[in-house]
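Chains as they are written, first to last, in the working numbering: chain A, 66 to 222; chain B, 14 to 652; chain C, 104 to 396.
Below is one structure, written out as structure tokens, with a few remarks after it.
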Amino acid sequence: MSYVTKSPWLIHYDGSSCNGCDIEVLACLTPMYDVERFGIINTGNPKHADIFLITGAINEQNKAVVKQIYEQMPEPKVVIAVGICATSGGIFKECYNIMGGTDTVIPVDVYVPGCAARPEAIIDGVVKGLGVLAKKKEAMEKGLPIDTAKGKEKEEA
Amino acid sequence: MSTITFLILFPLLSAIALLVLRTDAARGVIVKVSATLIAVASIYLAYQYFGIGEEYFDFANETVNLGMTVIEVLLAIMIIYLGIKYKKYLASVLAAIQTPTMIWFEVKVGHHIHVTNNLYVDRLSIIMVLIIGIIGSIITVYALGYMKDFQHHHKDQPDRRPFFFFIMYLFLGAMCGLVLSNNIVWLYFFWEITTLCSFFLIGYTKTEEAINNSFRALIMNLLGGVGFVIAIVIMGSSLGTLELNQLIMMGMFGVPAVTYVAALLAFAGITKAAQMPFNSWLLGAMVAPTPTSALLHSSTMVKAGVFLIIKLAPLLGWQSLAGIMVMMVGGITFIMASFAAVSQSNAKKVLAYSTVANLGLIVACGGIGTYAAVWAGILLIIFHAITKSLLFLCVGTAEHNIGSRDIEDMDGLFTRMPKLATYMIVGISAMFLAPLGMLVSKWAAMKAFIDNGGVLLVMFIAFGSAATLFYWTKWLGKMVAIMANRENIQSGVNKDENFVLSTLTILTVIVCLIFPLISKTMIVPYLIKAFPYVDPKHMILALSSTNMTIMVIMLFVLIVLPILFFGRTNKKIVPIYLAGANLGDDLTFRGAMEKEVPVSLKNWYMEGYFGEKKMNVIGVIATVVIITGVFAILLGGVL
Amino acid sequence: MNMTIIISVIAYIILAPIVGGLLAGIDRKISARMQGRVGPSILQPFYDMFKLMEKEAITVNKAQDFYVGCFLFFIIVTGGFFFAGLDLLLVIFTLTLASVFLIVAAFSSNSPYAQIGAERELLQMMAYEPMVLITAAGLYLVTGSFNISDIINPENGMAIKFLPGIFLGFVFILTIKFRKSPFDLSMSHHGHQELVKGLTTEFAGKTMALIEIAHWYENIFLLGIVFLFIANGTVWGAVAAVVVCLVTYFIEILIDNSYARMKWQIAINSSWIVAITLGFINMLVIYFSKFVL
Numbered sequence: 066m067s068y069v070t071k072s073p074w075l076i077h078y079d080g081s082s083c084n085g086c087d088i089e090v091l092a093c094l095t096p097m098y099d100v101e102r103f104g105i106i107n108t109g110n111p112k113h114a115d116i117f118l119i120t121g122a123i124n125e126q127n128k129a130v131v132k133q134i135y136e137q138m139p140e141p142k143v144v145i146a147v148g149i150c151a152t153s154g155g156i157f158k159e160c161y162n163i164m165g166g167t168d169t170v171i172p173v174d175v176y177v178p179g180c181a182a183r184p185e186a187i188i189d190g191v192v193k194g195l196g197v198l199a200k201k202k203e204a205m206e207k208g209l210p211i212d213t214a215k216g217k218e219k220e221e222a
Numbered sequence: 014m015s016t017i018t019f020l021i022l023f024p025l026l027s028a029i030a031l032l033v034l035r036t037d038a039a040r041g042v043i044v045k046v047s048a049t050l051i052a053v054a055s056i057y058l059a060y061q062y063f064g065i066g067e068e069y070f071d072f073a074n075e076t077v078n079l080g081m082t083v084i085e086v087l088l089a090i091m092i093i094y095l096g097i098k099y100k101k102y103l104a105s106v107l108a109a110i111q112t113p114t115m116i117w118f119e120v121k122v123g124h125h126i127h128v129t130n131n132l133y134v135d136r137l138s139i140i141m142v143l144i145i146g147i148i149g150s151i152i153t154v155y156a157l158g159y160m161k162d163f164q165h166h167h168k169d170q171p172d173r174r175p176f177f178f179f180i181m182y183l184f185l186g187a188m189c190g191l192v193l194s195n196n197i198v199w200l201y202f203f204w205e206i207t208t209l210c211s212f213f214l215i216g217y218t219k220t221e222e223a224i225n226n227s228f229r230a231l232i233m234n235l236l237g238g239v240g241f242v243i244a245i246v247i248m249g250s251s252l253g254t255l256e257l258n259q260l261i262m263m264g265m266f267g268v269p270a271v272t273y274v275a276a277l278l279a280f281a282g283i284t285k286a287a288q289m290p291f292n293s294w295l296l297g298a299m300v301a302p303t304p305t306s307a308l309l310h311s312s313t314m315v316k317a318g319v320f321l322i323i324k325l326a327p328l329l330g331w332q333s334l335a336g337i338m339v340m341m342v343g344g345i346t347f348i349m350a351s352f353a354a355v356s357q358s359n360a361k362k363v364l365a366y367s368t369v370a371n372l373g374l375i376v377a378c379g380g381i382g383t384y385a386a387v388w389a390g391i392l393l394i395i396f397h398a399i400t401k402s403l404l405f406l407c408v409g410t411a412e413h414n415i416g417s418r419d420i421e422d423m424d425g426l427f428t429r430m431p432k433l434a435t436y437m438i439v440g441i442s443a444m445f446l447a448p449l450g451m452l453v454s455k456w457a458a459m460k461a462f463i464d465n466g467g468v469l470l471v472m473f474i475a476f477g478s479a480a481t482l483f484y485w486t487k488w489l490g491k492m493v494a495i496m497a498n499r500e501n502i503q504s505g506v507n508k509d510e511n512f513v514l515s516t517l518t519i520l521t522v523i524v525c526l527i528f529p530l531i532s533k534t535m536i537v538p539y540l541i542k543a544f545p546y547v548d549p550k551h552m553i554l555a556l557s558s559t560n561m562t563i564m565v566i567m568l569f570v571l572i573v574l575p576i577l578f579f580g581r582t583n584k585k586i587v588p589i590y591l592a593g594a595n596l597g598d599d600l601t602f603r604g605a606m607e608k609e610v611p612v613s614l615k616n617w618y619m620e621g622y623f624g625e626k627k628m629n630v631i632g633v634i635a636t637v638v639i640i641t642g643v644f645a646i647l648l649g650g651v652l
Numbered sequence: 104m105n106m107t108i109i110i111s112v113i114a115y116i117i118l119a120p121i122v123g124g125l126l127a128g129i130d131r132k133i134s135a136r137m138q139g140r141v142g143p144s145i146l147q148p149f150y151d152m153f154k155l156m157e158k159e160a161i162t163v164n165k166a167q168d169f170y171v172g173c174f175l176f177f178i179i180v181t182g183g184f185f186f187a188g189l190d191l192l193l194v195i196f197t198l199t200l201a202s203v204f205l206i207v208a209a210f211s212s213n214s215p216y217a218q219i220g221a222e223r224e225l226l227q228m229m230a231y232e233p234m235v236l237i238t239a240a241g242l243y244l245v246t247g248s249f250n251i252s253d254i255i256n257p258e259n260g261m262a263i264k265f266l267p268g269i270f271l272g273f274v275f276i277l278t279i280k281f282r283k284s285p286f287d288l289s290m291s292h293h294g295h296q297e298l299v300k301g302l303t304t305e306f307a308g309k310t311m312a313l314i315e316i317a318h319w320y321e322n323i324f325l326l327g328i329v330f331l332f333i334a335n336g337t338v339w340g341a342v343a344a345v346v347v348c349l350v351t352y353f354i355e356i357l358i359d360n361s362y363a364r365m366k367w368q369i370a371i372n373s374s375w376i377v378a379i380t381l382g383f384i385n386m387l388v389i390y391f392s393k394f395v396l
């Protein structure tokens with residue numbers, strides 16, 4: 066078994082969220098949910114992160130930033146789109162500045178819809194992401210190309 | 014004997030030749046040949062007296078004495094004239110006090126005192142001659158290329174290079190004379206020549222600032238000179254000798270008048286070594302071209318001051334008021350100058366403050382006056398001379414190639430001038446990191462302080478070292494920063510300069526590697542002679558031989574590690590993190606309104622804590638109180 | 104004699120990362136409990152380290168890995184010197200060398216976050232350095248030797264009897280050295296902060312794993328200095344010393360969880376004031392009793 070699933074460090078990025086999902090993400094860190102018991106740490110630094118947790122839709126301003134943060138994360142890495150906006154653009158989808166969900170710029174591995182996504186759902190999504198992470202690690206060890214789009218699963222809220 | 018004469022007189026000949034032959038080509042040849050000869054002669058002197066260790070020479074000659082007096086008078090007249098011309102009357106007054114007193118003394122008293130040994134060699138003077146002969150002369154070689162560039166950059170100024178090199182070589186000769194004279198009157202003669210030479214070197218550019226600063230240096234050193242003259246007068250009239258070794262001998266037997274002589278000579282040493290409250294002359298000397306700073310602050314001038322104090326160390330210590338004065342002045346200077354260095358971004362000023370601080374440490378070691386402290390002091394002299402000259406010259410080269418001597422402008426030097434940056438990294442590391450030179454001696458100094466310095470000095474060195482660590486490391490950080498995509502301009506460096514820098518870098522490392530050997534063959538034998546009351550068998554050095562061996566091994570590891578591993582990585586090179594807005598070159602990021610913003614990183618200077626002015630005021634007040642207090646007590650004893 | 108030195112050095116090299124890692128795990132567990140959380144497994148630091156080892160190999164330039172490697176190497180050397188019973192000042196200077204390598208590694212990236220972290224780390228070094236040197240001086244004055252093997256000599260008794268002030272001062276600056284709040288200025292173990300990850304921002308994967316290991320080594324060595332204050336060469340003395348080490352570590356965790364991070368001014372002011380008051384007064388008393396009485 067790979068250690069990558071035992072110590073998933075994540076970076077949380079707020080696209081153009083209404084902050085609803087962000088509050089829920091932070092709620093996961095509180096004593097109520099305490100994700101640190103799974104070894105999850107919110108690092109805030111892409112170079113240390115394994116999981117890219119993104120809330121809110123992608124807009125013209127931040128698409129380059131999201132892309133760069135994704136690129137700066139070392140392999141293996143997974144992207145988790147939290148909330149309906151990150152999944153598809155949500156209610157902002159038709160806005161003049163919104164491009165859509167996270168997958169318009171970077172490949173997404175796990176979708177956690179919801180408005181806002183509940184902490185339980187987010188934790189569930191991260192745990193699903195760990196499975197993907199393990200698979201990617203395996204592929205890396207075998208020297209196979211890491212197909213970032215593979216293992217795309219939808220997590221129901 | 015003939016080597017000694019050569020070392021004193023040959024630089025003088027070169028100096029005159031340099032003044033007469035004014036072409037670039039001739040100058041190049043003369044400087045290179047003379048520098049080589051002086052260096053070889055100094056090494057030969059070391060070789061010659063390596064086994065003997067110590068010898069005194071008669072060399073009595075009335076004409077020499079007369080000649081010295083005549084030159085002294087001429088110099089005094091010149092100072093008085095210059096003082097009046099530039100309206101710096103204090104300099105004239107001091108010269109007018111000093112030289113007539115000296116002549117009065119010569120005629121009245123000095124004339125009747127028989128001096129057996131005018132010159133001498135011992136292991137300390139061998140060390141000093143090696144420093145002057147090798148470091149000093151290599152700086153003159155560097156000056157060749159530098160001054161050419163300098164004239165090129167300052168086309169508006171007349172080319173006074175012949176004069177510049179004349180003074181430089183005169184300086185080297187005078188320094189050799191200074192460390193080899195046993196006759197205190199001769200010592201004083203060379204002492205005054207170095208004062209005057211530094212005056213001309215600092216005022217070289219003849220700008221208003223340069224003239225002011227050169228007069229400041231002159232006045233402060235003349236003040237020390239006055240102290241020196243009074244010391245000679247007391248020595249001659251109440252001790253009846255003019256010989257340095259006799260003085261030290263009498264001091265050890267507890268002749269009371271020696272205290273006054275020692276205090277006055279130590280005071281002269283303090284002015285020359287740029288200790289607070291006289292540190293401002295050394296900082297002012299920064300207006301001069303960089304080779305001058307390197308020469309004055311690493312191997313000559315200031316080293317004359319600390320040399321005298323180290324020489325007098327057996328007379329200092331807690332039992333003598335002079336000793337307490339010297340160690341306190343040194344300690345306060347060390348801590349205050351170290352603090353002040355934190356707030357500076359001008360590289361030369363950082364170096365100047367660090368010089369003042371390190372001299373403070375040496376002076377304090379001399380003041381403590383135990384053999385362990387003197388051991389540390391001598392090591393400090395050696396390491397400081399090499400490393401500081403390297404750093405000064407590096408800054409000079411950087412200044413000519415990037416157009417600034419500000420540390421903030423040295424961004425990415427590692428990419429732009431990799432060789433120069435490497436020299437600087439070695440130099441900076443050698444100033445404060447284990448297992449390199451300065452730290453070894455600082456360690457020894459610390460131990461000596463704890464043993465004999467009292468609690469205050471321990472606090473000084475503890476806090477001063479912390480500040481030292483801070484200002485060197487932040488500079489080091491600038492040096493190692495790797496900025497991709499910067500143009501490499503290393504090839505623009507003058508060949509002579511490059512040669513000198515690489516030689517000094519190698520010398521820095523080599524001396525660190527062989528310092529246990531230097532200690533064993535040179536310093537310890539000197540200490541055994543200088544401290545006859547200490548049983549050589551019980552002479553415990555600050556660093557045990559185990560520690561010295563460990564240091565050498567660590568240094569060896571530090572040399573091997575980069576050769577084996579530096580830059581050997583097959584990892585993927587990725588851009589740095591700029592909050593996701595890196596434009597790809599690591600130097601700019603995408604700011605608001607899609608604007609390209611360059612990344613600009615600045616160091617900390619903590620002006621509020623370590624402001625230069627504040628530190629100077631505190632240091633000057635404290636040292637003035639101590640010096641006047643000690644002299645008041647001494648005077649009270651006389652009256 | 105020589106055999107015991109070799110054994111203790113080898114034991115340090117092998118055991119320190121294990122004990123240090125466990126201590127870090129316990130630290131996280133206790134911190135979590137203090138905050139009313141369950142907290143991660145005690146082995147979590149090891150999981151983190153092994154995971155970092157498995158990550159993709161990336162770096163920002165060719166020099167950084169060398170500096171980080173030297174940092175780890177010289178931290179191990181520092182501890183090795185310490186447990187070999189060598190000169191305490193040598194140990195301190197080697198530690199400084201190692202720390203400078205870490206700072207240089209961060210500076211070399213030329214990244215703003217790493218550089219600010221490095222500057223702050225440097226500031227912290229300036230803050231604690233005087234107290235560390237005073238500690239060495241105090242131990243020397245009390246025991247008459249800088250050699251660690253002599254300091255724990257039974258003849259000398261417990262150093263803390265003569266050095267209560269210096270001991271407290273040293274524990275104070277340990278907060279900085281353990282990178283605990285309120286003085287975790289240069290890098291923090293906790294989540295979001297203005298410096299991203301400060302000093303370590305540009306260290307990824309294996310490089311970061313080396314930093315973690317180096318910190319485990321460092322922490323054990325630092326507790327070793329605490330040990331020196333109590334140990335007196337006897338078995339019960341050693342037991343008491345270990346207990347005091349653990350209590351000290353617990354107090355540091357408690358401080359960590361009860362304070363928010365403070366400004367750098369407070370870090371330097373407070374540690375220098377502590378050095379001047381506790382350190383200086385204690386030294387003064389020792390000097391007085393040693394040289395005057």
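Just so you know, even glycine gets a beta-carbon here, dropped at the ideal spot from N, CA and C.
Ignore the nearest five residues each way along the sequence and tell me which others in Ser251(B)'s own chain have a CB closer than 8 angstroms to its CB.
-> Ala270
DSSP-derived helix/strand/coil call for Ile589(B) = coil
Taking C-beta pairs closer than 9 angstroms, name the residues in chain C that Ser333(B) reaches, listed in chain order.
-> Chain C residues near Ser333(B): none, gap ~17 angstroms exceeds 9 angstroms.
Considering only the beta carbon of each residue, do Ala475(B) and Ala166(C) sit closer than 9 angstroms?
-> no
Are any of the Cβ atoms in chain C nearer than 9 angstroms to that of Tyr68(A)?
-> yes
Counterpart residues of Asn226(B) in DSSP-defined beta bridges = Beta-bridge pairing links Asn226(B) to no other residue.
Tell me whether Met451(B) is buried or exposed, calling it buried when 16 or more other Cβ atoms sit within 10 Å of its Cβ.
-> buried
Is Ile255(C) helix, strand or coil when you go by DSSP?
-> coil
Output, in chain order, the set of chain A residues within a Cβ distance shorter than 9 angstroms of Lys283(C).
-> The premise fails here: Lys283(C) is roughly 17 angstroms from chain A at the closest Cβ pair, so nothing lies under 9 angstroms.
Could you name the residues of chain C that Tyr590(B) contacts, counting a contact when the two beta carbons are closer than 7 angstroms?
-> Ser214, Tyr216, Val299, Thr304 and Glu305
Whole angstroms is fine: what's the gap from Ala222(A)'s alpha carbon to Gly196(A)'s?
-> Low confidence applies here, because Ala222(A) scores a pLDDT of 41, under 50, leaving its location unreliable and the question unanswered by this model.
Going by C-alpha distance, which of Tyr62(B), Thr559(B), Thr153(B) and Asp71(B) is nearest Leu50(B)?
-> Thr153(B)
Distance between beta carbons of Ser454(B) and Ala389(B), contact taken as under 8 angstroms | 5 angstroms
Exposed or buried, which one is Val180(C) when buried takes at least 16 other CB atoms within 10 Å?
-> buried
When the Cα of Gly149(B) is compared with those of Gly297(B), Phe483(B) and Leu308(B), which residue comes out closest?
-> Leu308(B)
Leaving out five residues on either side along the sequence, give the residues of the same chain with a beta carbon under 8 angstroms from the beta carbon of Ala365(B).
-> Leu295, Leu296, Ala298, Met299, Ser306 and His310
Three-way DSSP call (helix, strand, coil) for Ser194(B) in this model | strand
Can you grab the Cα-Cα spacing for the pair Asn335(C) / Ile328(C), in whole Å?
-> 13 angstroms
Counting Cβ pairs closer than 8 angstroms, one from the region 131–138 of chain A and one from the region 181–190 of chain A, do we hit at least three?
-> no
Just grab the DSSP bridge partners of Asp419(B) for me.
-> Asn359(B)
Which whole-angstrom value is the C-beta distance of Ile263(C) and Ile333(C), which I expect to be below 8 angstroms?
-> 6 angstroms
Three-state secondary structure assigned by DSSP to Val177(A) | strand
C-beta neighbour in chain B for Lys112(A), strict 9 angstroms = yes
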